[in-house]
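A.B. asks:
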Amino acid sequence: MKPCVESRLFGELANGEPVMEFTLDNGRGMLLSVLDYGCIIRSWRVLARHRPPLDFVLGFDTMLEYERDTAYFGAVVGRFANRIAGGRYARDGRVVQLTQNEGENHLHGGRRGFHKQSWQGHASADNDAARISLCRLSRDGEEGYPGNLLVMITYELTTSGELRCSCQAVSDQPTPVSISQHSYFNLAGEGDILGHELWLDAAHYLPVGAGLLPTGQVREVENTPFDFRRKRRIGSALAEADAQLALARGYDHNFVLAGGSGPQACLADPASGRQMEIYTDCPGLQFYSGNYLDGALGGKGRDFTRHAGLCLEPQHFPDAPNQPGFPDAFCGPGVPYSASTRYVIDRWR
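In the numbering used here, the protein residues as written are 421 to 769.
1. To the nearest angstrom, how far is the alpha carbon of A749 from that of A545?
2. Please name the residue, chosen from T482, P472, F534, G609, that lies closest to C459 on a Cα-to-Cα basis.
3. My parser needs the beta strand (DSSP E) runs of 3 or more residues fully inside the segment 495-565; what are they?
4. Output the distance between the C-alpha atoms of R531 and N521, rounded to the nearest integer angstrom.
5. Smallest Cα separation from G715: which of G745, E426, G611, E576?
6. Whole angstroms is fine: what's the gap from L732's alpha carbon to Y757's?
7. Counting pairs of beta carbons, one from the segment 513-527 and one from the segment 466-476, are three or more of them closer than 8 Å?
8. On a CA-only basis, which of R508, D445, F430 is nearest E485? Give me that one, please.
9. Helix, strand or coil: how does DSSP classify D662 here?
10. Per DSSP, what are the beta-bridge partners of N674 in this structure?
11. Can you check DSSP and say which residues form a bridge with L569?
12. Which residues in the same chain have their Cβ closer than 7 Å to the Cβ of D739, if we skip the five residues on either side of it in sequence?
13. Output yes if chain D places a C-beta closer than 8 Å to the C-beta of Y457; else output no.
14. Out of M572, G631, V425, V477, which one is the CA nearest neighbour of E524?
15. Among the candidates R653, L467, V597, whose CA atom is the shortest distance from the CA of F476?
16. Just to confirm, is the Cβ distance from G541 to F442 under 8 Å?
17. By the DSSP assignment, the alpha helix (DSSP H) with R465 in it spans what residues?
18. Under three-state DSSP, which class holds D692?
19. Would you kindly work out how many angstroms separate the C-alpha atoms of F724 and P753, rounded to a whole number?
20. DSSP state of G680, grouped into three classes?
21. Nearest-angstrom Cα distance between H624 and V454?
22. Report yes if the C-beta distance between A552 and V425 is below 8 Å; otherwise report no.
23. Starting from the N-terminal side, write out each stretch of the beta strand (DSSP E) that is 3 residues or longer and does not extend beyond the segment 708-742.
24. DSSP three-state label for R488, please.
25. State the Cα-Cα distance for the pair H434 and R488, rounded to the nearest angstrom.
26. State whether the segment 642-650 contacts the segment 559-570, with contact taken as three or more CB pairs (one from each stretch) at a distance under 8 Å.
27. Looking only at DSSP bridge pairs, what is E640 linked to?
28. Which of the three DSSP states, helix, strand or coil, is assigned to I388?
29. Keeping to the same chain, check which residues put their C-beta closer than 7 Å to that of G718; ignore five residues upstream and five downstream.
30. Take P596 and list the residues in its own chain whose beta-carbon comes closer than 6 Å to its own, dropping the five residues that flank it on each side.
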């Protein structure tokens, strides 16, 4: 069977606007379902003859749940992923005030960032992959950001089972841009991720202060609970972090990727032997261990309790517009934005 894409009406927003679901089929038993609302990855499933479908990501069953969601399940977040201190930054002698949607700070693009917007989808397929490209114009002033930003997000599911996510954007004014994918992964498809193992190609991380904002320092991970340069069981790492740093809420930190040619991250489920490698050209990766899931949300026949899934979000450094020592994160005339990430799952068949 060749790769193909099917579409259906998933539901309607409160204003009556329809939301479509595009299901990418790689022709070999792997399916990726994407909404044209928030560029949300609703499911990433593997079909098997003798067992129920296995879904690698957490997601909801109805459009109402996605419209009400504040945990960014499966969504693309932007214009700027993560936090900007005070919801403001200064550039070229001008102070720009963004929406303050997490206390005094700006988080994941604001109240109605990319995750709460409708996108225009175009699907295609060939012998090697099925894909969906989603586009929208983020207009000047949206959530306080300057400039008209034209954005395209493309998901591609290959016959080998590789998920490719690419982001491209152009702007007519300088504007901070860091677009990230916010799926919650669980390679077992059930239970929690405490038995999963994580490896990161990162010798440094960004310590945080109040409001989980980076302090501006870049610290070595060696001899700290942030050292994932060898695969570590997540439950053990969380226990060590709590014992040493009183990090009872778990991880929600950005790691400085080494930028080598190999994978930048690897998540493994020893019970099944399944693992996912992540390759990205982004300078940082946010590891969020699902600390604030409390069972109030659920979908696909399960409740999302604490650590039901984790996020590995390739992105620019948090608060980069206010931190001159961090890599530049501005897009503008003659300076387009692009980011590419590949997710490769082993032993999925």
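The beta carbon of each residue, even a glycine, is placed where N, CA and C say it ideally should be.
C.D. replies: Looking at the coordinates:
1. The residue you call residue 749 lines up with position 329 of the sequence shown. The residue you call residue 545 lines up with position 125 of the sequence shown. Whole-angstrom Cα-Cα distance: 33 Å.
2. Working through the sequence shown from its first residue, we reach residue 459 at position 39. The residue from T482, P472, F534, G609 with its alpha-carbon nearest to that of C459 is F534.
3. Here the runs fully enclosed are 508-511, 514-517, 540-545, 549-558.
4. As a first step, residue 531 must be located in the sequence shown, where it is residue number 111. As a first step, residue 521 must be located in the sequence shown, where it is residue number 101. CA-CA distance, R531 to N521, rounds to 6 Å.
5. Taking the first residue of the sequence shown as 1, we reach residue 715 at position 295. G715 has its Cα closest to that of G611, out of G745, E426, G611, E576.
6. On the sequence shown, residue 732 is found 312 positions in, with the first residue counted as 1. On the sequence shown, residue 757 is found 337 positions in, with the first residue counted as 1. In a straight line, the C-alpha of L732 is about 20 Å away from that of Y757.
7. As far as the Cβ criterion goes, the segment 513-527 does not touch the segment 466-476, which means the pair count is below three.
8. If you number the sequence shown from 1, residue 485 lands on position 65. Checking every option, the nearest Cα to that of E485 belongs to F430.
9. Stepping through the sequence shown from its first residue, residue 662 is reached at position 242. If DSSP states are grouped into helix, strand and coil, D662 belongs with the helices.
10. Here residue 674 refers to the residue found at position 254 of the sequence shown. Per DSSP, the beta bridge partners of N674 are L626, Q706.
11. For this step, residue 569 is matched to residue 149 along the sequence shown. Under DSSP, the beta-bridge partners assigned to L569 are S558, S591.
12. As a working note, residue 739 is residue 319 in the sequence shown. Closer than 7 Å at the Cβ level, and outside the excluded window around D739, lie R503, I504, A505, L633, P634.
13. The structure shown contains no chain D; it is built from a single protein chain.
14. Residue numbering aside, residue 524 sits at position 104 when the sequence shown is read from its first letter. Ranking M572, G631, V425, V477 by CA distance to the CA of E524 puts G631 first.
15. Indexing the sequence shown from 1 puts residue 476 at position 56. The shortest C-alpha separation from F476 is found at L467.
16. Numbered from its first residue, the sequence shown carries residue 541 at position 121. Numbered from its first residue, the sequence shown carries residue 442 at position 22. The answer is yes: Cβ separation under 8 Å.
17. As a first step, residue 465 is located in the sequence shown; it is residue number 45 there, counting from the start. It is not in any alpha helix (DSSP H) - R465 instead sits in the beta strand (DSSP E) that spans 461-466.
18. Against the sequence shown, residue 692 aligns to sequence position 272. Here residue 692 turns out to be Ser, not Asp, going by the sequence shown. Coil at S692, not helix or strand.
19. Stepping through the sequence shown from its first residue, residue 724 is reached at position 304. Stepping through the sequence shown from its first residue, residue 753 is reached at position 333. Going from the Cα of F724 to the Cα of P753 covers about 43 Å.
20. Walking along the sequence shown from the start, residue 680 turns up at place 260. Looking at G680 - three-state DSSP - the assignment turns out to be coil, as it is neither helix nor strand.
21. Taking the first residue of the sequence shown as position 1, residue 624 is located at position 204. Taking the first residue of the sequence shown as position 1, residue 454 is located at position 34. Approximately 34 Å, taken between the alpha carbons.
22. For the purposes of this step, residue 552 is identified with residue 132 of the sequence shown, where counting begins at 1. For the purposes of this step, residue 425 is identified with residue 5 of the sequence shown, where counting begins at 1. For clarity, residue 552 is Ile in the given sequence; the question names Ala instead. Yes.
23. Fully enclosed beta strand (DSSP E) runs of 3 or longer: 731-735.
24. On the sequence shown, position 68 is the one that residue 488 refers to. Helix.
25. Position 14 of the sequence shown, counted from the first residue, corresponds to residue 434. Position 68 of the sequence shown, counted from the first residue, corresponds to residue 488. Reading the sequence as shown, one finds Ala at residue 434 and not His. C-alpha separation (whole angstroms): 10 Å.
26. No, the segment 642-650 does not touch the segment 559-570.
27. The sequence position of residue 640 within the sequence shown is 220, counting from 1. Under DSSP, E640 takes part in a beta bridge, and its partners are H624.
28. The question about residue 388 has no answer, for the chain in this structure spans 421 to 769.
29. Reading the sequence shown from its first residue, position 298 is the one you call residue 718. Closer than 7 Å at the Cβ level, and outside the excluded window around G718, lie F724.
30. Counting from 1 along the sequence shown, the entry for residue 596 is found at position 176. Counting only Cβ-Cβ distances below 6 Å, and skipping sequence neighbours, we find F500, P741, A749, F750.
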